[in-house]
Amino acid sequence: MTIRDAREADLPAIVAIYNSIIPGRMVTADLEPVTAASRLPWLQAHHPDRRPVWVAEAEGRVIGWLSFDTFYARAAYDGTAMIAIYVEAGKRRTGLGRLLLERAITRAPQLAVHTLLGYIFAHNEPSLRFFARFGFERWAHLPRIANLDGVERDLIIVGRRLTA
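The sequence shown maps to residues 123 to 286 in the working numbering.
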């Protein structure tokens, strides 16, 4: 398996993995599948030296990905990034998410990132436990901020400061 910067040619696989989690209503606030065309501007806005998107590839196909996303588009927040991790259904619980998150934590300072955030629905206990294992703490609780099929859901923001 290799982890590398995402390319435009990876977008169909990135989108397929992302779309596979939408019906579960646990991971994303998107309610309908997205298209590769609609996500192209998102990918193009990422830069390997500041806000990369990495793909994990095995046997010639993308099996997971991680993105560093801008937290807030103001210069004072440039050192903070929100990360998102998505793994193909058949590869979950294999250590791939751990590998991607460990790489993000290790590489973030080289990207001028000192603080990592994760936005996780409060009912997504597996993800909350996963991030907690890597030293992320609950920094914010936004009650009933999302509406998923008529069910109001809370959002938890977890964070980890990487440098003193």
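Beta carbons are placed, not taken as given, at the ideal position from N, Cα and C, and that holds for glycine.
Under the three-state reduction of DSSP, N269 is assigned to strand. Under the three-state reduction of DSSP, T150 is assigned to coil, being neither helix nor strand.
Secondary structure of D191 (DSSP, three-state): strand. Contact annotation, W187 with A128: C-beta distance approximately 7 Å; criterion of less than 8 Å satisfied. From the listed residues V137, Y194 and L239, the smallest Cα separation to L223 is found for L239.
Here G217 carries a coil assignment [DSSP, helix/strand/coil]. Below 8 Å, enough C-beta pairs join the segment 260–270 and the segment 141–160 to call them touching: three or more.
Taken atom to atom, the span from the alpha-carbon of Q232 to that of H168 is near 15 Å.
Per DSSP, the unbroken beta strand (DSSP E) holding E179 starts and ends at V175 to A180.
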